[in-house]
Amino acid sequence: MREMKGDKNRMKSFSKRLSLLLVVLLAVSMLAGCASEAPAAETGEPAVEPIVIGYVGALSGETAVWGQAGMNGMELTAKEINDAGGILGRPIEVIGLDGKGDPIDSVNAYKKLVSQGAIAVVGTNFSSCNIPMAAVADQMEVPAIATAASNPLVTVDENGNLHPYSFRIGFIDPFQGRVLAAFAMDELDAKNAAVIMDLNSDYSAGVTEFFVEGFEAKGGEILTIVEAQSGQNDFRAQLSKIAPLDPDVILVPWIYKDVALIANQARELGIDAIFLGADGWDSKELITMAGASLEGCYYTSQPSFANPVTKPFYDAYVEMFDGLVPETEALFGHDGLYWIKDAIERAGEVDIAKLRDELETTTGFAGLLGDLTVDPATHNPDKSVSVYQIKDMTQTFVGDFRP
Amino acid sequence: MLLQQLINGISVGGIYALLATGYALIYSLLGFSNWAHGEVAMLGAYIGILSVTALQMPFIFAVILAVVGAGFISVFNEKIAYKRIRDNNSPTMFLMIAAMGLSTTFQNLAIVVFGPKFKMYPQILPVGAVKIGSLSVGLLDLVSLGIAIVAIIGLEYLITKTKFGLAVKAASSNMGTASLLGINVDKYIMLVFFLAGTLAGISGILYGMKYTVYPQLGNVALKAFIASVFGGLGSVQGAIVGAMSIGLLETLVSAYIHSGLRDLITFILLIAILLVRPTGLMGKDIQDKA
């Protein structure tokens, strides 16, 4: 009985609340109506419909630090573009949805953004999210522009077919090998090189392949490629094969833990060559583990705030978000939005199919992450890569280099 | 080049040897493979690294603490698990299963407590090498080989020249008779576990200094186990010979055949030994032992 009564009471209060809610909604909609009419009345021009651009990133959860930075970067950039007159006279509206760093949530966020009228979607930084998103983008025919996602499958499927609506701002991992080869020959005057490669890692194999290709194309000599496995901890058997060849540089495309072991053991064996590596090196711990052995060595990474050209954006970001220090993902948001603006302006009108075509044929788009040229066959960008040197036990920015 | 590879192999084998002797000691006494042995080494390595980094202890005290600590952890394993199983007169197989349980427990505990990341000892010795002609021998390798040799000679002395050694040999020959003859078998078993633990502690520190410290560090004991099977389970000298052989074999396979085949060939060797000469190079009769 008591329960019945309770239910009735609850019903009563529910309907009361519902009617209150309706009243509030009505009031709000009237107010909103007034607000949207106001500027048009003031300026005397018809209201211009904004161009909607979506952003998917992890806005919550463990990886939210990147997603939020990307979103903030988009908002800051949208404000900048709108203050300067928008795109073809129309303002931009950025809508960010939470993909939680999860493939399913990210795909759903993409779909929702398309249904809200987005003409392009920027994000995410995870290959695991962008690989399924690429297939959906092909169906829905709205460009999805990945940020730092580096797996080749984001833009080209396993059978080698291009995802026509999937793009990326960052370079794919192996591309660093090509830049390292050019850097070794042009900047370090290396004539020959050796490679120690992880035979269980696609990453290591990819960087090695591009390095060898680039190095030999420029007339350099690869003395040897030795193979080892992550986790074996002792690399002296392999390094002893490199030692008597005395190469100018040694490519070490491994993750920092193995890099530290390889470097220390190589120095013990009397190898004094310069080591080169890719973004697997990018960890503060590498310095504590093997700083002395790696003194004077170089590695590549995604361009970041280390490049002085990003300073004005950095300052604007810190000011807009009350002293928050931006992550690199913010630069991806910035470049993504300007890249879309660039493509729409080249197309001369806001049309999704034309936007896609212009994105595909981009050459030399100047972003804060370096100049970007898209390979129409793979949608992979040819762009600059940041080179760092380990100097006095710190990671020092050397500059951005192109292959 | 070949000479350099032999030096590399010996230095890898030296660390296996310290672990393998601990296996051999316990096997000779209780007749089971103490799978938790590698985890004792891992915990020793962590005690050492935390004493140096978090507690800012001088290195030598950290080493003593780690070695003694590993000894006590080994005794703890004996008290909490193995002794109870023996007292229940359960089959030897139970000891091995308990050891596997302890191994998994310690490994996961280390992940929870210390985190899954790799830690590195601060550089006590500079990264450097002693050059002999075109050969180079790592400073740390020389030191660790020296320590391994001293530890193994000390162990040999303990077993062959002292009353402790005599009692252990008596107990391992026949525990019941030894007990009847007035030997406090439990006390000696405890002491053997302590000894094996300290050896594991030393190898844990050396391994950690040479490579890195991480929760799965104990898995290297699998190699030490193969070494002690190869040399003959239960034989301390055999364990040392086996460890050096495995170290050399691994290095030579990586250098002259293929890195990917390194572990494959080691395990094939293990199977071949078990088929052709089940007692190993210097082993005793292994009937009834697991």
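Same order as they appear, the protein sequences are chains H and B.
Here the numbering used here is used: position 138 in the first sequence is 244, and no number is missing along the way.
Here the numbering used here is used: position 229 in the second sequence is 1182, and no number is missing along the way.
Think of the CB as a built atom: it goes at the ideal place given N, C-alpha and C, for glycine as much as any other residue.
What you are looking at is a predicted structure, and each value in this text was computed from that prediction instead of being measured.
Exposed unless 16 or more other CB atoms sit within 10 angstroms - verdict on residue i
i          : result
Arg190(H)  : The displayed chain sequence assigns Ala, not Arg, to residue 190(H). With fewer than 16 other Cβ atoms within 10 Å, it is exposed.
Ile1106(B) : exposed
Pro1075(B) : exposed
Phe419(H)  : buried
Ala144(H)  : Confidence in Ala144(H) is poor, its pLDDT being 41 and thus under 50, which makes the residue's placement unreliable; the coordinate value appears in the next sentence. By the neighbour-count rule (16 or more Cβ atoms within 10 Å), Ala144(H) is not buried but exposed.
Tyr309(H)  : buried
Ser981(B)  : buried
Ser1087(B) : exposed
Phe1014(B) : exposed
Leu1170(B) : buried
Met177(H)  : buried
Lys1163(B) : buried
Asn1137(B) : exposed
Interface flag, residue i vs chain B, CB-CB below 8 Å
i         : result
Glu327(H) : no
Ala311(H) : no
Glu466(H) : no
Glu168(H) : no
Ala334(H) : yes
Met239(H) : no
Gly139(H) : With a pLDDT of 46 at Gly139(H), under the threshold of 50, the predicted position of this residue should be treated as unreliable, and no value is reported.
Met395(H) : yes
Asp340(H) : yes
Leu305(H) : yes
Separation of residue j from residue i, as counted between CA atoms
i          : j          : result
Ala422(H)  : Gly195(H)  : 24 Å
Ala1101(B) : Ala1123(B) : 26 Å
Ala369(H)  : Ala396(H)  : 7 Å
Gly167(H)  : Lys206(H)  : 6 Å
Ile377(H)  : Asn236(H)  : 42 Å
Asn1042(B) : Lys1036(B) : 10 Å
Ser1132(B) : Ala1120(B) : 10 Å
Glu322(H)  : Pro280(H)  : 16 Å
Met1128(B) : Ile963(B)  : 36 Å
Met117(H)  : Lys390(H)  : Low per-residue confidence applies at Met117(H): pLDDT is 49, beneath 50, and the placement is therefore not dependable, though the value from the model is reported in the following sentence. So the alpha carbons of these two residues sit roughly 60 Å apart.
Glu109(H)  : Leu165(H)  : Only weak support is given to the placement of Glu109(H): the predicted model assigns it a pLDDT of 42, under 50, and the value that follows is read from those uncertain coordinates. Cα to Cα, Glu109(H) sits roughly 42 Å from Leu165(H).
Tyr1141(B) : Val965(B)  : 31 Å
Gly967(B)  : Tyr1160(B) : 10 Å
Thr1115(B) : Thr1219(B) : 36 Å
Ser1188(B) : Met1235(B) : 6 Å
Ser346(H)  : Ser1089(B) : 10 Å
Tyr405(H)  : Glu1109(B) : 49 Å
Leu1095(B) : Lys1084(B) : 12 Å
Thr469(H)  : Tyr494(H)  : 26 Å
Tyr1209(B) : Glu374(H)  : 21 Å
Asp1139(B) : Ser1004(B) : 32 Å
Phe277(H)  : Gln174(H)  : 21 Å
Ala226(H)  : Thr416(H)  : 24 Å
Gly1233(B) : Phe1047(B) : 24 Å
is_contact[residue i, chain H] using C-beta, thresh 8 Å
i          : result
Phe1071(B) : yes
Ser1207(B) : yes
Gly1213(B) : yes
Ala1082(B) : yes
Thr1204(B) : yes
Thr1232(B) : no
Practice problem: Determine contact between the stretch 985-997 of chain B and the stretch 1046-1064 of chain B, defined as no fewer than three beta-carbon pairs at a distance below 8 Å. | Solution: yes
Quiz item: Closer than 8 Å, Cβ to any Cβ of chain H: which residues of the stretch 1084-1110 of chain B, in chain order?
Solution: Result list: Lys1084, Ser1087, Ser1089, Gly1091, Leu1092, Leu1093, Asp1094.
Quiz prompt | Segment contact flag, the stretch 1143-1155 of chain B with the stretch 320-333 of chain H, C-beta cutoff 8 Å, min 3 pairs | solution = no
Quiz item: Given 8 Å as the limit, is there contact between the stretch 265-277 of chain H and the stretch 199-219 of chain H, that is, 3 or more CB pairs closer than that?
Solution: no
Exercise. Say whether the stretch 1189-1197 of chain B touches the stretch 966-975 of chain B, bearing in mind that this needs 3 or more beta-carbon pairs closer than 8 Å, one atom from each stretch.
Key: yes
Quiz item: If contact means a Cβ-Cβ distance below 8 Å, which residues of the stretch 355-377 of chain H contact chain B?
Solution: Lys363, Ala366, Leu367, Asn370, Gln371, Arg373, Glu374, Leu375, Gly376
Practice problem: Indicate whether the contact test is met: 3 or more Cβ pairs, each with one atom in the stretch 405-424 of chain H and one in the stretch 500-508 of chain H, closer than 8 Å. | Solution: yes
Quiz prompt | Interface residues of the stretch 444-459 of chain H facing chain B [CB-CB below 8 Å] | solution = none
Quiz item: Is the stretch 463-483 of chain H in contact with the stretch 431-445 of chain H, if contact means three or more CB pairs nearer than 8 Å?
Solution: yes
Self-check item: Given 8 Å, three or more beta-carbon pairs between the stretch 330-350 of chain H and the stretch 275-295 of chain H
Solution: no
Practice problem: With 9 Å as the limit, tell me which residues of the stretch 955-988 of chain B have their beta carbon closer than that to any beta carbon of chain H; keep them in chain order. | Solution: Gln957, Gln958, Ile960, Asn961, Gly962, Ser964, Val965
Quiz item: Which residues, in order along the stretch 1162-1191 of chain B, keep a beta-carbon less than 7 Å from a beta-carbon of chain H?
Solution: Tyr1164, Thr1165
Quiz item: Quick one, which residues of the stretch 342-355 of chain H are near chain B if we go by CB-CB under 8 Å, in chain order?
Solution: Arg342, Ala343, Gln344, Ser346, Lys347, Ala349, Pro350
Self-check item: the stretch 408-438 of chain H: positions lying closer than 8 Å to chain B by Cβ
Solution: none
Practice problem: Indicate whether the contact test is met: 3 or more Cβ pairs, each with one atom in the stretch 296-303 of chain H and one in the stretch 247-267 of chain H, closer than 8 Å. | Solution: no
Exercise. Determine contact between the stretch 1210-1221 of chain B and the stretch 1006-1015 of chain B, defined as no fewer than three beta-carbon pairs at a distance below 8 Å.
Key: no
Quiz item: Do the stretch 249-256 of chain H and the stretch 226-235 of chain H meet, that is, are 3 or more Cβ pairs less than 8 Å apart?
Solution: The answer is yes - the stretch 226-235 of chain H touches the stretch 249-256 of chain H, with three or more Cβ pairs under 8 Å.
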